[in-house]
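Worksheet: the structure to be examined is printed underneath.
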Amino acid sequence: MSTSKDFAVLGENPSRREILQHWEPENKIFWETYGKKIANQNLAVSTWALVLSFVVWTLWATIAAQLNTVGFHFTDEQIFTLAALPGLVGATGRLFYTYLPGLLGGKTSTLLTTALLLLPIMGLGNALQDTSTSYETFVLLVSFIGIAGANFSASMANIGFFYPKANKGLALGINAGVGNLGVSLIYLTAPLLLGWNLSGLFGAGLPTAAGSTLYLQNVCYFWAIPTLITLVLICMFMDNLPLPKQSPKSVLSIFGNKHTWLMCWIYTCGFGSFIGFSAALGLLVSKEFPEVSFSMAAFLGPFIGASVRPLGGWLADKLDSGSRVTLLSLFVMLAASLVTMLGIQAHNFAMFFGSFLLLFLTTGFVNGASFRMIPYIFNNPFHSSLVTGFTAAIAAYGAFLIPKIFGWAYSNYQDVTPAFYILIAFTISTVIVTWYFYDRKNSGQHC
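Using full-length UniProt numbering, you'd call the opening residue of the sequence shown number 1 and step up by one each time.
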């Protein structure tokens, strides 16, 4: 219980800097008097910055399918590779970005990582206006855009320290769940931006074979505006807390535990599928259903997957079993994957799209429930935190692997079915891992 003595060091009217220097979120009086307002301000801006990061990370997926329609001449494998590169860079960057808040402070690291987004989106906006831009140039620019995906780890590593233990779960759930909605937001806005003639503000458009005009650069240049506004918000409302500085060597402590790798496998099936299918969906539809006007519906899958993620964690708490929710969701994901493949083979768009939406729905449940499992498997809070960050990094490689698998299938078989065979086999293996190690009797009770 706090007393006035606990606040003597702060004085009667402490400045924001003094409050931050003596941050005690577990002290209920401190939290209600000073901490909650500051923490919520940081959470609000951090969450929006993360939404923006997911927008930038996946915006290329909305552009890639349009390249050859306006005069670029790339092969299917090249286009799918370009769609995959942001995922490769973003996932790798997460392994390092986890340490940025401890090294630089939460405000400083968020300001830096958000400001860096301006470089690739401005560069891509310029490159997209010239159909003679080389494939190698796009490789560099699209790879650079992948740094947006790494922002997730820095954001999650920072925001939890503002909150008491009783509120951490909700705060991190909001930060992650709402942040994921950036994928849906770019799919929702890109079709409008592609056809929007802004009176030369962002440059001239490129004609298509169908006689229309597309403004590919709009998708990039437009998001520079909210990025600049976000930088101002970060400066005004975010703070640097004195965070513990974790050495990269500390990560080694989790590598000898088999559960670290098992949870990476499970979470990759969830979040890796969510972000990978988000990156590849537009290209997949353009290849398999070119006659379908899909642009305004593309946001639905990512929106559903991101929206139900908090529900997956909540349901796992209610059932006192994250493994059970994860396992049941994986069974539904497996069925949805099979029907999605059959929809492609039958050239039935309704079957394909309906099952794909169900597939996205299950990724949200898996993501929320599997993250709930980690603290129950790793009793040490420090190890739990490290495993959470590491699994988030590994799973993000799904944004690279799934488009690459699709590209490989089209390049070698002129058919996407072999890619689905691989993804279905991976899902089956995840069902087995979840059941054997965590959900069967006496394996992982209440995890």
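Beta carbons: idealized from backbone N, C-alpha and C, even for Gly.
Buried or exposed (CB count within 10 angstroms, at least 16 for buried), residue i
i    : result
Y436 : exposed
H73  : exposed
L252 : exposed
N180 : buried
I275 : buried
K404 : buried
S370 : buried
N151 : buried
L124 : buried
N13  : exposed
L243 : buried
V366 : buried
I38  : buried
R440 : exposed
M333 : buried
P207 : exposed
L119 : exposed
T75  : exposed
Y421 : exposed
A209 : exposed
S15  : exposed
G313 : buried
M341 : buried
S184 : buried
A166 : exposed
A393 : buried
L228 : exposed
Own chain, CB closer than 6 Å to residue i, minus 5 neighbours either side, in chain order
i    : result
L100 : S109, A154
F349 : F289, V292
Y34  : I19
T363 : G270, S273, F274, G305
K5   : Low confidence applies to K5: its pLDDT is 48, below 50, so where it sits in the model is not reliable, and the reading given next is rough at best. Taken in chain order, the list of residues that qualify is empty.
S143 : L85, V89
G389 : T98, S153
A399 : G87, I275, G276, A279
W408 : none
L201 : none
Y397 : A91
A419 : I405, F406, A409
L315 : V325
Same chain, Cβ closer than 8 Å to residue i, five either side skipped, listed in chain order
i           : result
residue 457 : Limits of the chain in this structure are 1 at one end and 447 at the other, which puts residue 457 out of reach.
L423        : S273, S337, I402, I405
residue 508 : An answer regarding residue 508 cannot be provided, because it is not within the stretch 1 to 447 covered by the chain.
M263        : S370, M373, I374, I377, V387, T391
F426        : C269
T260        : I254, V387, F390, T391
7 Å Cβ shell around residue i - same chain, five flanking residues per side excluded
i           : result
residue 448 : Outside the shown range of the chain (1 to 447) lies residue 448, about which nothing can therefore be said.
L172        : M156, I159, G160
I222        : Looking at the sequence itself, residue 222 is Phe, so the reference to Ile does not match. Correct list, in chain order: L193.
P164        : P25, E26, W31
S2          : Only weak support is given to the placement of S2: the predicted model assigns it a pLDDT of 46, under 50, and the value that follows is read from those uncertain coordinates. The answer, listed in chain order, is N27, K28, I29, F30.
T434        : I266, S323, T326, L327, L330
S286        : A65
residue 457 : Examination of residue 457 is not possible in this model, given that the chain is present from 1 through 447 alone.
L141        : P120, G123, L124, A127
A298        : Y187, L281, G282
Supposed close pair residue i, residue j - CB separation, criterion 8 Å
i    : j    : result
A49  : I225 : 15 Å between Cβ atoms; not a contact.
G149 : W57  : 4 Å
L358 : F162 : The Cβ separation is near 36 Å, so there is no contact.
H383 : I266 : So it is not a contact: roughly 17 Å between Cβ atoms.
F360 : G301 : 4 Å
L82  : W60  : 7 Å
L52  : G182 : 6 Å
message: Could you check whether the stretch 125–144 touches the stretch 70–86, counting it as contact only if at least three pairs of C-beta atoms, one from each stretch, sit closer than 8 Å?
response: Segments in contact, yes.
| said: Under 8 Å, with one C-beta from each stretch per pair, do the stretch 313–326 and the stretch 211–225 reach the 3-pair mark? | reply: Segments in contact, no.
- Item | Contact the stretch 302–317 vs the stretch 379–398: 3+ CB pairs below 8 Å | no
Going along the chain, which unbroken runs of the alpha helix (DSSP H) with 4 or more residues stay wholly within the stretch 96–162?
100–104, 106–115, 118–127, 135–145, 147–159
Margin query: Just to confirm the assignment: which complete alpha helix (DSSP H) runs, minimum length 4, are found wholly within the stretch 230–286?
Written below: 252–255, 258–267
Restricting to runs no shorter than 4 residues, where is the alpha helix (DSSP H) found entirely within the stretch 280–350? Listed in chain order, they are 300–307, 309–319, 322–345.
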